[in-house]
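There are 2 protein chains.
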Amino acid sequence: MTREPKGNPVVLDAPARAVLQVFRAKAGEARALDQSRCPVRDVLDRVGDKWSLLILIALSHAPHRFSALQRAVGDISKRMLTQSLRNLERDGLVSRQVFATKPPSVEYALTAMGESSLVPVVGLVGWASAHHDAIRDARLAFDAKEAAMA
Amino acid sequence: MTREPKGNPVVLDAPARAVLQVFRAKAGEARALDQSRCPVRDVLDRVGDKWSLLILIALSHAPHRFSALQRAVGDISKRMLTQSLRNLERDGLVSRQVFATKPPSVEYALTAMGESSLVPVVGLVGWASAHHDAIRDARLAFDAKEAAMA
DNA sequence: GGGCTATGGTCTCAGACGTAGACCACCAAT
DNA sequence: ATTGGTGGTCTACGTCTGAGACCATAGCCC
């Protein structure tokens, strides 16, 4: 026992499993070849970045200028906004265009690739919003159990 | 020009856009109500964590013991592994089971919710692996342009 | 003119956070 | 007795983040 095969149905469909297999293969191969230079992992690092997703989502609505973007995201510092935008621009997800107005303004917009990244992102957001109640409950239960321990 | 409406076709389908709308609504409402306590955002924080995704993916193959997990992920420190596992467990994505063997062993496995999280995760991984060539090229181009500036 | 706004950033500094590695207690095999 | 393997914790160090000052420029108001 303690090892009973769980009865819950497989959640992943065939294409999802296929993608996972591809990922495992790439991860393994990359690790074998060149430790820590797995391409999928570094892309994930960027997408997984706290601010990048938020910026992408803000830009999904419309192009934004620097300070409009800062206001849209809410609690991001200029420093991190600059840095995240640089990374996003470097990765080709966001375009930067300077307008030679008196105080020069800069407009950031999603590129085609940036827009395409929204597809998996909304998947994630959808999952998150579908499960955040369950997660909150799990956290409460966990914290209660932990408090009981102490 | 510099402002021509881009001709690229809309990438998001209707359900995706709907999810995005929901996210924007939640984000806005949460920010209005209680700055920085947006539920979607904190779930995203966890999923977006560098190690959580890797752990989830490792566990998707089979349950792992602590040190097996560390070997599977590769370059994670015990400290971060412990911490990430605690968070994942707290959120109800991963279960922890202790076996009273002579050196007690601990087995971590995905819960049903953890498995369900793989669906959006593979979406992300799929996107990443589909685009990492383009991203690598974009980075090269960006770095070259930057070097030319200097 | 002096101060205020707003533009897009950069710079600095303190503090939070991640990492590597030692260490612990236990047991089996050598 | 040493070595290795179990799951962690603890500490010391270094990196990264966030808040805010600062820059140059051009209105605007008084």
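If you read the protein sequences in the order shown, they are chains W and E. Residue numbers for the first sequence follow this note's numbering, so the first one is -4 and each next one is one higher. Residue numbers for the second sequence follow this note's numbering, so the first one is -4 and each next one is one higher. Note that the Cβ used here is the ideal one computed from N, Cα and C, for glycine as well.
Counting of Cβ neighbours within 10 angstroms places S111 (chain E) among the buried residues, the total reaching 16 or more.
Rounded to the nearest angstrom, the gap between the Cα atoms of R134 (chain E) and V38 (chain W) is 11 angstroms. As DSSP reads the structure, E102 (chain E) sits in a beta bridge with E:R60 and E:Q92. For K45 (chain E), the closest Cβ of chain W is nearer than 8 angstroms. Taken through DSSP and simplified to helix, strand or coil, G69 (chain W) comes out as coil. Listed along the chain, the chain E residues whose CB falls inside 9 angstroms of the CB of P99 (chain W) amount to none; the nearest CB is some 13 angstroms away. In this structure, the alpha-carbon of V117 (chain W) lies about 20 angstroms from that of Y103 (chain W). Counting the other Cβ atoms within 10 Å of the Cβ of R91 (chain W) gives fewer than 16, which makes it exposed. Its chain contains A53 and H59 as the residues whose beta carbon lies nearer than 7 angstroms to that of A67 (chain W), once the 5 sequence neighbours on both sides are disregarded; these appear in chain order. No Cβ-Cβ contact shorter than 8 angstroms links V89 (chain E) with A123 (chain W). Measuring C-alpha to C-alpha distances from M75 (chain E) to each of E:D44, E:A129 and E:R131 identifies E:D44 as the nearest.
G87 (chain E) sits in coil when the DSSP states are folded into three classes, being neither helix nor strand. With contacts defined by Cβ atoms closer than 8 angstroms, G87 (chain E) and A129 (chain W) form a contacting pair.
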